[in-house]
Structures are given as structure tokens and as C-alpha cells.
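Trainee: Under our numbering, the residue at position 505 of the sequence shown is numbered 506, and the numbers go up by one with no gaps. No residue lacks a Cβ here, since even glycine has one placed at the ideal position from N, Cα and C.
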Amino acid sequence: MTSFCGILLILKFASVLATENETFLAKKGQDWKQVPTQLRLVEDLLETYDKKSKPTWNNNHPVNVTFSMDLYQILELNEPQQYILLNAWIIESWYDEFLYWNPDEYSNITEIRLPHENIWLPDTTLYNSLVMKDDDTRRLLNAKLTTIPEKKAVHIQLLYPTIYKFSCLLNLKYFPFDTQVCTMVFSSWTYDKEGIDYYPKDDNVGITNYLENEGWYLIKATGRRVEKQYKCCPNKYAILNFTFYLRRKPLFYLVNLIIPTSIITLIALVGFFTTSSASGEREEKVSLGITTLLSMSILMLMVSDQMPTTSTFIPLIGWFILGMIIIISMGTLASSIIITVQKQGQLGERLSRNAVKIISFLSKISFSNIPLHLKEGTQEYEDAPPLKFVYRASAKLQRDLSSLNKLFEENSLCNKSQNSNIQKEGSIERLSLDKISDDKSIDKLNKNFSIHFNAFEDVSKSTTMPMIDKSINQQCQNSTYFPFAESEITTDRSPTNTLTTPRINRERNDHLSILETANIEAFNRNIRISRRLAIKEYEWFATVLERLCFIIFVSFFFIITAGLNAVGYYFWNKEYHDILNNDNYVYQA
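Below you can see the structure in the form of C-alpha cells.
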């Protein structure tokens, strides 16, 4: 009885459905037998179809989904936020056993199109996507259904365009000579491999319609299937990894960052240590250094804006700009030291002989000219001996004048004693005159005077030299200028001896005054000459330091510039060939 009632219900339902179809056809003015076959096919397929069920008669069998990708364009590779935005065309295909039809019953129709919302779809998900809403990622349209009588199933192809935004861990260690490897991870979110099993249609991503990116060169793109076990689930998941190997085009950064930075640094070094300003003011070089450092800071900010915030590494271009900043900073410091060295000459203290020897050696390395007054064998050298010899001669002359003055003071004391005590006169006068009349002492003093004044005259020969210096020098050389000639010194106690004492005192005072005046004038003149020569010598010292610093800093500049760029190009080229020649290339992030 129950089965009979069930049959009646089915017949009633069929009659109602037929009535509805006849009503629908009546509205269209058509007979059911005249309905197009494809319409009848769709109605028959969807009549009992449920898109919520996995389309396999045996629930233990997985749905094998074949996935393929054609890359159309890489829209953006964002370094600070580390993601890629690309446009691709996706094709997913699988077999649906619930939608099978026999083409013989439907006028040999083997292929139809159905809206995607009417059929079961695999929940294919991009695991590393940065967009959560599916409608913002892909645009699903119609699905292509092809019946396969041999399999008693329908082959479904779902074609749709996509714009994927997914994360990619970038390795910018060799930026801008870097190579990036980014992977898209596809799989089902709810089904493990026992429910949906994914397979790539090809090992490579299609690039037939690919539009080349302006900043990146696509080396290759591959697809791989892997199985991964997650802690949440007992079964493994079928994962599809589509990997893109990208090589940066560094021309933009070379033209806009590296070359301008190099030019700014080189011009700053030339401004710091140019020889054309060796005789001019150097204070403006410090301002040049500060301005250049400001420019470098701006370039550093431009680079940092394009880099992710990380403390793991410093990109290659960061090392380059940092090296340029260090060079300019050290150049500014060296310029300050050179300015200090140059101003030392204004103090009047000339260089020592050892310093002159060292700087002369450095001047050969730096291709600097030695001042003529420091070159032996030149007239300027003969006219300007080293300053320490002049000081030494002046000090010796002062000591000899003091000795001579002491002897005259003793002689004056003897004369005063003669007037007071005639008995003591003989002994005191004899002692003092014996001391003065010592031939060796007189010859030594005369010789020292002659030598020292010759030295002064050699230091500062000029037409403005007072005539008194020449007369003093001549008298010293003839041994007649000394106030005590041997013919005038005697130990005899005759009356004539006492008559010579006033004359000796007068001559003593006159000659001492002349000697002191000559000594002061010669000393002042030599100080002025030495100060002028000291300025030249320290100017020469500063010039040698400038050229040495220029050679050293320019050498470091070219080493850093060429070295860092060579290292970047080496790894840039090496990664490219390793990727092309190795199918199992593993990227070292």
C-alpha cells in the first residue's frame, strides 16, 4: 500500500511538471515536441542536480582538478610591503559524474555552456592571497561542459580572468642587482587530497600573451605539485606551487641613484682637495662637505622608502650610499685638518729638518713641487737657511755679548779702585787685565762675532741691510773691531796705562750699543723673513696633504663604487644562469 502511494505521488509530480512545461510552452506558443534539444538537455540536467554535493558517485573517490595558468602581466612588485600584483588567466577542469548525458538522446549534442552558479565548483583558494573577498580576485563566468561517453561523466572547464595580490618574501640584499623568486600556493580550503586532488596541466606557466614589465624580466615560471601535511588535519593536502623567477632591470636605479651619487661624491672630493685652491681660502670646503652630506641623506631617504623595514640585512645600494657618506665625512674632517695645518704657518715657526725630509718624500708621491728655499744647491736655499740655525746663532751671540759686558764691568771696577787705593790698584788691575789680555779668549770672541754676523747676513741679504751691519762684520773679521786690541792691553804700571782707561770705557759703551742695535735689527729682520718662509712651508705642507688625501679618497671612491657594483652584477648574472640551467633550483632567501 505504501509503495502504491509513492508511485501515485511520483505520477502526480510528473503530471504537474508536464503541466507546468505545457503552460510555459503555451505561453511561448510552442509544443513540447518542438522545444530545442539544448533547452531540453539543460532542463533534464538540472532537474535533479544538486551543486552542493561532490560530483562523484563514490564519495571515497577524489575529484581530480587540473589547474593551468597563463600569465598576462605583472602589474606591480611592491618592495616595502612585499607583495606582487599580477593579471593571469586561469583554467580549471575536472569530471562531473552527475551531469552526464547521452548525446544520442539529444541530437548528438556533446558540448554546452552553463553559468558557474548552477554547477559544483572546487573551492580553489590562493593561500598567500592578500585579498579575502573572492569577487575582488576573480571574475567567474560560464563553464564549458563536454560529455564523455567512455567515462560516463562530463568534463568541465572553468575559464576566468584574475588579478591576484599575494605576499612574497623579497630578498633585497643585492638591490638593485637582485633576483626575486615568488610563489603562488593554490589548494582547496576545505578538501584534503582525499576529496580534491590538484594537478598542474603543465610544468610551466603559459607566457604566450605575457606583456613584459618595465622593471622586471621574467626568467621563467614553473608549476609543481606537492603534498603537505597540516597539524589540523589527518590527511595530506594537494598543493600547487606556481613559482615566478624575476630579475630586476637595474638601469633605472643606475641612472637615478648610483650615477648621481657617484658624481656628487666625486665633485665633493675634487672640491675638498683640488690643488687650484691650494693658495686660497679653504674654509668654504667645510660648507661644501655639509651640503654634500645633506644631499646624500636625501638620497638615502629615497632608497629607504623603497626598502622594507628590516634589520636582517642592508641592501647593496645602502652599503654604497653609506660608503659615500663616510668618504665625504672623512673628507670634510681631512679638510678641517688641512686648514689647521695651513694656519700654523702664521705663527712663524718653520718646519724642522726631519719634517722637511718627510714632506719632501710625500711630495714626490703626490707630485707636488718643493719650495726653492728648501732645495739644496739653489740660491734661495743659500739665502734662507733653516730657521733653527738662525735662532741658535742669535742665542750664541747673546751669550758672547753678555760675556764681553761682564769683562768690561770688571775693568770698570778696577778703575774705580785705582782712584781710592793706589796700593790695591796694581793687583786688581793686573787680574782683570790678565783676564782680558788672554789671547785665546780675545781670539775666540772675535771669531764668534765674525761667524754669527756672517750667518745673519747670509739669512737676510738685501739692499735694505744697514751699513752698520757690514761695518761691524768687516771689523770683526779684521779683529780690529773688538775694543781690546792686544797692543792696547798691558800689565805695565806706567802712567800711560791709566790714561787709556777712559778711552776704553767710551769705546766699550759705543761698541756695545752698536752690537746690541745690530743684533736686534738682524733678529727682527730674520723673524720677518722666517715668518714669510714659514707661511710658504706650511702652505706647501697643506698642499701635499691635500693631494695625498685626494689620491687616497678618490682611490677609495673608485674601489667602493666599482667593487660594490661588480659584486652586485656578479650575483645578478650568477642567479640568472643558475635558474636557467637548473630545473631544481632552490632559492636562497
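From residue 270 to residue 361, what does the alpha carbon distance come to, in whole angstroms?
Mentor: Computed Cα separation, rounded: 24 Å.
Trainee: Just reading off the alpha helix (DSSP H) that residue 267 is part of, what are its end residues?
Mentor: Residue 267 -> alpha helix (DSSP H) spans 260-274.
Trainee: Tell me which residue opens and which closes the alpha helix (DSSP H) that residue 168 is part of.
Mentor: Careful: residue 168 lies outside any alpha helix (DSSP H), inside the beta strand (DSSP E) at 154-168.
Trainee: From residue 300 to residue 315, what distance separates their C-alpha atoms?
Mentor: Approximately 15 Å, taken between the alpha carbons.
Trainee: I'd like to check one pair, residue 115 with residue 154: are the Cβ atoms closer than 8 Å?
Mentor: Their beta carbons are not under 8 Å apart, which means residue 154 does not touch residue 115 by this criterion.
Trainee: Taking 8 Å as the threshold (C-beta atoms), are residue 176 and residue 550 in contact?
Mentor: In this structure, residue 176 does not lie closer than 8 Å to residue 550 by Cβ.
Trainee: In chain order, which beta strand (DSSP E) runs of at least 3 residues are fully inside the segment 70-131?
Mentor: Fully enclosed beta strand (DSSP E) runs of 3 or longer: 84-97, 112-116 and 125-127.
Trainee: Please name the residue in 553, 262 and 98 whose C-alpha comes closest to that of residue 49.
Mentor: Out of 553, 262 and 98, 98 has the C-alpha closest to the C-alpha of residue 49.
Trainee: Residues in the same chain with beta-carbon distance under 7 Å from residue 343, minus the five sequence neighbours each way, listed in chain order, please.
Mentor: Excluding residues within five positions, the ones whose Cβ falls inside 7 Å are 283, 539, 540 and 543.
Trainee: Examine the Cβ distances between the segment 119-128 and the segment 185-199 and report whether three or more of them are shorter than 8 Å.
Mentor: Short answer: they touch.
Trainee: Helix or strand or just coil, what does DSSP make of residue 148?
Mentor: Here residue 148 sits in strand by DSSP.
Trainee: Suppose the cutoff is 6 Å on Cβ atoms and the five residues either side in sequence are ignored; what does the same chain contact list for residue 108 look like?
Mentor: 38.
Trainee: Using a 10 Å radius around the Cβ and a threshold of 16 neighbouring Cβ atoms, would you call residue 338 buried or exposed?
Mentor: So residue 338 ends up on the exposed side.
Trainee: Considering Cα atoms alone, identify which of 150, 132 and 69 is closest to residue 104.
Mentor: Selected option, being the one with the closest Cα: 150.
Trainee: Please classify residue 581 as buried or exposed, where buried requires at least 16 neighbouring CB atoms within 10 angstroms.
Mentor: That one is exposed.
Trainee: Whole angstroms is fine: what's the gap from residue 228's alpha carbon to residue 210's?
Mentor: Looking at the two C-alpha atoms, the distance is approximately 30 Å.
Trainee: DSSP on residue 358, reduced to helix/strand/coil?
Mentor: Helix, per DSSP.
Trainee: So, helix, strand or coil for residue 226, using DSSP?
Mentor: Looking at residue 226 - three-state DSSP - the assignment turns out to be strand.
Trainee: Hey, how far is the Cα of residue 426 from the Cα of residue 531?
Mentor: Note that residue 426 scores 45 on pLDDT, short of 50, meaning its location in the model is unreliable and no value can be drawn from it.
Trainee: Do you know how far the Cα of residue 90 is from the Cα of residue 231?
Mentor: Approximately 29 Å between the Cα atoms of the pair.
Trainee: Take residue 141 and list the residues in its own chain whose beta-carbon comes closer than 6 Å to its own, dropping the five residues that flank it on each side.
Mentor: Closer than 6 Å at the Cβ level, and outside the excluded window around residue 141, lie 117 and 161.
Trainee: Taking the straight line between their C-alpha atoms, what separation do you get for residue 28 and residue 54?
Mentor: In this prediction, residue 28 scores a pLDDT of 40, lower than 50, which makes its location untrustworthy; no coordinate-derived value is stated.
Trainee: Return the chain-ordered list of same chain residues with a C-beta closer than 7 Å to the C-beta of residue 557, the five sequence neighbours on each side being excluded.
Mentor: So the qualifying residues of the chain are 328.
Trainee: Tell me the rounded alpha-carbon separation between residue 574 and residue 166.
Mentor: Cα-Cα distance, rounded: 28 Å.
Trainee: Quick check on DSSP: helix, strand or coil for residue 571?
Mentor: If DSSP states are grouped into helix, strand and coil, residue 571 belongs with the helices.
Trainee: Using a 10 Å radius around the Cβ and a threshold of 16 neighbouring Cβ atoms, would you call residue 324 buried or exposed?
Mentor: Its Cβ being crowded by 16 or more others within 10 Å, residue 324 is buried.
Trainee: Taking the DSSP output, what are the residues bridged to residue 559?
Mentor: DSSP output for residue 559 lists no bridge partner at all.
Trainee: To which residues does DSSP link residue 187 through a beta bridge?
Mentor: Bridge partners of residue 187: 127 and 241.
Trainee: In three-state DSSP terms, what is residue 313?
Mentor: DSSP places residue 313 in coil when its eight states are reduced to three.
Trainee: Report the CB separation of residue 85 from residue 214 in whole angstroms; it is logged as a contact under 8 Å.
Mentor: About 10 Å separates the two Cβ atoms, so there is no contact after all.
Trainee: Quick check: the Cα distance between residue 134 and residue 92, rounded to an integer number of angstroms?
Mentor: Cα to Cα, the separation comes out at about 20 Å.
Trainee: Taking residue 351 as the reference, which of 535, 158 and 197 has the closest Cα?
Mentor: It is 535 whose Cα lies nearest to the Cα of residue 351.
Trainee: Assuming the contact rule is C-beta atoms closer than 8 Å, residue 70 and residue 243 should be a hit. Round their C-beta distance to whole Å, please.
Mentor: Rounded, the Cβ-Cβ distance is 6 Å, consistent with contact.
Trainee: Ignore the nearest five residues each way along the sequence and tell me which others in residue 262's own chain have a CB closer than 8 Å to its CB.
Mentor: Correct list, in chain order: 297, 300, 321, 322 and 325.
Trainee: Spell out whether any CB of chain C is found under 8 Å from the CB atom of residue 139.
Mentor: The structure shown contains no chain C; it holds only a single protein chain.
Trainee: Using CA atoms only, rank isn't needed, just tell me which of 576, 78, 123 and 272 is closest to residue 239.
Mentor: Ranking 576, 78, 123 and 272 by Cα distance to residue 239 puts 123 first.
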